[in-house]
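If you read the protein sequences in the order shown, they are chains A and B. Under this note's numbering, think of the first position of the first sequence as 2, with each following residue one higher. Under this note's numbering, think of the first position of the second sequence as 150, with each following residue one higher. For each residue, glycine too, the CB sits at the ideal point set by N, CA and C. The structure appears right after this line, and notes come after that.
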Amino acid sequence: MRYIFKFPDIGEGITEGKILEWYVDKGSTIREGDPVVKMETDKVVADIPSPKTGTIATRFGNVGDVINVDDPLVEIDIEGVAGAAAVEVAAEKPAPPSDHAVEEANFGVVGTLEVAGDGAFLPSSQEGQTTSAEPEEKKTRRKALATPVARAMAKEYGLDINRIPGTGPGGRVTKKDVAGFRDISTKPSALPASNASTQTDGTRVEPLSQIRKAIARNMTISKQTIPHMSVFEDVEISHLVEFRSRQKPRFEAEGRKLTYLAFAVKAVALALDRHPILNARLDMDADAIVYQEAINIGIAIDTEEGLVVPVIRYANHLSISAIADKILEMADKARDRKLEIADLKGGTFTITNFGAIGGLHAQPIINPPQAAILGIGRLVEKPVVENGAVVVGQVLPLSLTVDHRIVDGGETTRFLNQIMEYLRDPSAMLM
Amino acid sequence: MKVMNLVQAINSALDIKLNEDPSMVLYGEDTGVEGGVFRVTEGLQEKYGEGRVFDSPLAESAIAGTAVGMAVAGLNPVVEMQFSGFVLPAMNQIISHVARIRNRTRGKLTSAVTIRMPYGGGIRALEHHSESLEAIFAHVPGLRVVIPSTPYDAKGLLISAIESEDPVIFMEPKRIYRAIKQEVPEERFTIPLDTARVVQPGEDITVIAYGAMIRECQKAAALAKKNGISVEIIDLRSIFPIDRGTIGASVKKTGRVLAVTESAATCGVASELVTIATEEAFLNLEAPPRRLAGFDTIMPLPKGENYYMHEPARIFYEIRQLMDY
């Protein structure tokens with residue numbers, strides 16, 4: 002039997018993905034659970050496992066192609082089931098000889114009639130007997146509305162008309178839309194991300210990667226819908242610096258890494274526990290604030306392809322060392338492009354640790370639908386006044402941005418004060 | 150429920166209506182004593198007597214003409230033309246009277262006659278025994294034209310036809326008279342006369358057919374499935390009026406349409422289906438709608454019949470053409 006394996010819906014609203022690498026060829030055998038293909042979606046790079054054991058009969062799509070959820074990936078010849086015989090028409094089912102049609106010659110001059118065998122009959126129907134109408138399952142695969150002339154134009158340009166946004170009546174793709182789409186970029190989806198075209202004047206046009214597309218979309222939504230408000234602070238953390246330097250050798254001996262970020266995650270998680278509005282989100286459709294019980298801290302990680310934000314779940318319940326290990330694990334996965342959907346789901350607050358590269362203060366943009374984001378700047382030695390005397394202080398710059406629709410200035414600064422308190426005196430986090 | 154073939158399902162419908170409608174009469178050539186050349190009316194004369202189930206003279210014009218008179222006088226005649234090719238002498242009665250008594254009397258009288266006839270090729274008979282004339286009837290205003298493709302539909306549609314206030318031309322695909330069996334309720338049920346049926350849902354292409362061609366389309370769809378093409382098959386069932394809604398919804402979804410008929414291509418039912426699909430789903434079409442209709446020739450003698458009749462491979466070829474456009 003042939004089984005067509007389609008690109009599955011892997012959740013998170015993903016509708017399309019790009020083929021990065023095939024693990025199978027036509028004719029190769031595959032076991033259930035073995036990876037079939039490596040797909041890049043706008044969230045992750047994921048291996049798609051085979052649901053069946055068998056032989057690959059057909060492979061659809063080439064490396065670099067962008068395909069939609071439910072498009073076929075491969076056709077698998079399933080072992081132990083005869084290929085050609087599996088025709089799913091009732092009359093065609095393999096059956097004992099008595100079920101085969103025979104010809105009845107009783108009618109002489111009026112012809113010969115085929116007669117169904119004893120065991121071969123069509124499935125029955127319910128129509129006209131009961132009044133209950135069965136709800137039909139509807140699929141929503143987007144197919145473009147377009148006139149033949151627009152379709153012909155798209156075909157000539159090598160564009161997939163289903164990907165061109167239509168501006169005509171009822172969302173119809175017009176000739177103008179096709180021409181406009183072509184001007185923006187030629188064959189944008191068919192080009193691998195690394196393929197850039199250089200124009201005669203030296204301008205380089207590079208199609209967006211899936212990740213970059215997602216970032217662009219999210220940042221636009223955030224800035225256009227959320228009124229951002231930012232507060233900046235400097236916190237003196239010599240106690241934390243000293244504490245960390247005492248613990249660090251022990252961690253390093255075990256091949257682990259104890260970063261300041263781990264302390265910051267813990268401090269934020271504990272502060273969120275006390276200031277739940279910063280861990281909430283606004284639901285405009287319901288005119289409601291949704292308070293989230295789980296405190297899941299997203300960590301913004303810079304990669305070659307762009308920003309990814311893996312999540313540390315229930316950070317308020319984790320020890321600082323467990324958080325440190327988790328951060329290291331996520332950073333490795335991010336750089337190897339091995340993050341899975343589950344690693345990215347469900348964040349309720351984000352920390353961006355840009356200071357690891359440089360910069361003191363910034364105005365971070367909220368990761369929607371979250372309520373706030375904390376930016377951590379570069380740790381610097383600075384003169385500070387302590388008990389009337391100028392001493393050398395270890396100063397960590399903090400930048401907090403909140404969604405001003407649900408968080409006011411008072412709560413913002415109280416929350417920030419709480420974080421600073423934990424960072425100034427890390428022993429408070431133990432209590 | 151009882152397993153029936155088309156012949157038995159039609160017989161069951163006639164039996165039920167004769168039993169519950171005392172105004173119904175059933176006649177045609179050999180329909181009485183003999184039970185019809187295809188045994189469709191077998192046993193009915195014995196059961197309901199010579200007064201209600203009887204043999205007519207070999208005169209099709211008289212069969213149709215007397216039926217008009219009986220209908221106007223309040224009876225419910227169900228008549229049989231032995232083969233659709235034999236109906237031609239009755240065409241004047243059918244077009245001039247059966248189809249237009251209601252209009253001519255400004256709605257005072259109706260001639261709700263049901264005219265049954267086996268039609269279509271594939272049984273290696275002579276050309277008058279194998280023709281498909283449904284387009285000729287569908288072109289005449291005032292007639293309903295119905296063609297079943299399964300025993301279940303045959304029974305439900307024929308009961309509706311006999312009960313209809315309109316004259317109905319009920320054409321029976323004799324090639325599958327005994328070739329398809331299905332569980333059919335023994336009791337009375339009806340299927341609306343003007344609805345098409347989605348035989349199997351699909352995503353990539355809509356194939357519209359009726360009668361004996363449904364089975365061939367199912368075989369072609371199985372071939373297509375092996376090639377990764379998902380075919381939606383629509384059984385038209387009512388040649389007039391045509392269920393535009395079902396066709397429109399399907400073609401809007403798939404974007405491609407193939408109409409398959411045994412009858413000749415020019416000015417035929419397939420042309421009508423292509424027109425309707427285009428009108429209903431113009432903006433969704435991804436390829437020009439195609440017709441796979443009969444050749445514009447007289448139905449060949451048995452020796453040449455296999456060249457004329459559409460086989461699954463030919464239907465699949467058309468599906469491929471649409472997919473590769």
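Select from Tyr457/B, Ala371/B and Lys375/B the residue whose C-alpha is nearest the C-alpha of alanine 413/B. Tyr457/B
Taking the C-alpha atoms as reference points, what is the distance between alanine 310/B and aspartate 302/B? Roughly 12 Å separates the two Cα atoms.
Inter-residue spacing [alpha-carbon to alpha-carbon] between threonine 215/B and glutamate 332/B: 36 Å
Whether alanine 325/A touches threonine 260/A by CB criterion (8 Å): Going by C-beta atoms, alanine 325/A is nearer than 8 Å to threonine 260/A.
Mind the definition here: the region 163 to 182 of chain B touches the region 216 to 232 of chain B only if three or more C-beta pairs lie below 8 Å; say whether that holds. yes
Count Cβ pairs between the region 444 to 453 of chain B and the region 418 to 429 of chain B that sit closer than 8 Å; are there 3 or more? Touching, no.
For isoleucine 417/A, count neighbouring C-beta atoms within 10 Å of its own C-beta (all shown protein chains included) and say buried if the count is 16 or more, exposed if not. Reading the sequence as shown, one finds leucine at residue 417/A and not isoleucine. Its Cβ being crowded by 16 or more others within 10 Å, leucine 417/A is buried.
6 Å CB neighbourhood of threonine 413/A in its chain, flanking five on each side removed: Val232 and Val403
Integer Cβ distance of glutamine 242/B from alanine 213/B, believed to fall under 8 Å: 4 Å
According to the Cβ coordinates, are proline 50/A and proline 36/A closer than 8 Å? Their beta carbons are under 8 Å apart, which means proline 50/A touches proline 36/A by this criterion.
In chain order, what residues of the same chain lie with their CB nearer than 6 Å to the CB of leucine 397/A, ignoring the 5 residues before and after it? Val236, Ile238 and Leu380
Beta carbon of leucine 292/B, beta carbon of leucine 342/B: below 8 Å? At a Cβ-Cβ threshold of 8 Å, leucine 292/B and leucine 342/B do not count as neighbours.
Under 8 Å: do the region 230 to 237 of chain B and the region 256 to 263 of chain B share three or more Cβ pairs, one atom per stretch? no
Limits of the beta strand (DSSP E) - the one that serine 210/B falls within: From DSSP, serine 210/B is part of no beta strand (DSSP E) but of the alpha helix (DSSP H) over 209 to 221.
Quick one, which residues of the region 68 to 79 of chain A are near chain B if we go by CB-CB under 7 Å, in chain order? Pro73 and Glu76
Just tell me which of Gly169/A, Val174/A and Lys7/A has its CA closest to the CA of lysine 144/A. Considering only alpha carbons, the answer is Val174/A.
Under the criterion of a Cβ to heavy atom distance below 7 Å, does alanine 303/B qualify as lining the ligand GDP? No copy of the ligand GDP appears in this structure; indeed no ligand is present at all.
By a C-beta neighbour count over all protein chains shown, 10 Å radius and 16 as the cutoff for buried, is tyrosine 292/A buried or exposed? exposed
Compare the Cα-Cα distances from serine 400/A to each of Met421/A, Ala363/A and Val392/A and report the closest residue. The candidate whose alpha carbon is nearest that of serine 400/A is Ala363/A.
Burial state of alanine 361/B, where buried means 16 or more other Cβ atoms lie within 10 Å: buried
Residues of the region 156 to 173 of chain B with a CB closer than 7 Å to any CB of chain A: list them in chain order, please. Residues of the region 156 to 173 of chain B that bring their beta carbon within less than 7 Å of a beta carbon in chain A are absent altogether.
Residues that arginine 415/A contacts on chain B, provided the C-beta gap is smaller than 9 Å: Going along chain B, no residue has its Cβ under 9 Å from arginine 415/A, so there is no contact; the nearest lies around 56 Å.
Is the CB of arginine 173/A under 8 Å away from at least one CB in chain B? Under the Cβ distance rule, arginine 173/A counts among the residues neighbouring chain B, one pair being separated by less than 8 Å.
So with Cβ pairs under 8 Å, would you call methionine 150/B a contact of chain A? Closer than 8 Å: yes.
Listing by chain order, which chain B residues have their CB less than 8 Å from the CB of isoleucine 434/A? Any question about residue 434/A goes unanswered here, given that chain A covers just 2 to 432.
Can you tell me whether DSSP reads glycine 299/A as helix, strand or coil? Reduced to three states, the DSSP call for glycine 299/A is strand.
Run through the DSSP bridge pairs and tell me what lysine 19/A is partnered with. Paired residue(s): Glu41/A and Val67/A.
Taking CB distances under 8 Å as the criterion, tell me whether isoleucine 296/B reaches chain A. no
My guess is that threonine 355/B and arginine 386/B are in contact by the Cβ rule of under 8 Å, so how many angstroms apart are they, rounded? Not quite, the Cβ-Cβ distance comes to about 15 Å (not below 8 Å), so this is no contact.
Check whether chain A comes within 8 Å of histidine 288/B, counting only Cβ atoms and requiring the distance to be less than that. no
Applying the criterion that 16 or more other CB atoms from any shown protein chain within 10 Å of the CB defines a buried residue, is serine 29/A buried or exposed? exposed
Beta-carbon of leucine 123/A versus every beta-carbon of chain B: anything under 8 Å? yes
For threonine 299/B, which residues in chain A fall below 7 Å Cβ to Cβ? Leu123
Anyone know if the C-beta pair for isoleucine 290/A and isoleucine 407/A falls short of 8 Å? yes
Taking Cβ positions only, does glutamine 331/B come closer than 8 Å to chain A? yes
Boundaries (first-last residue) of the alpha helix (DSSP H) holding lysine 258/A: Here lysine 258/A belongs to no alpha helix (DSSP H), and DSSP marks it neither H nor E.
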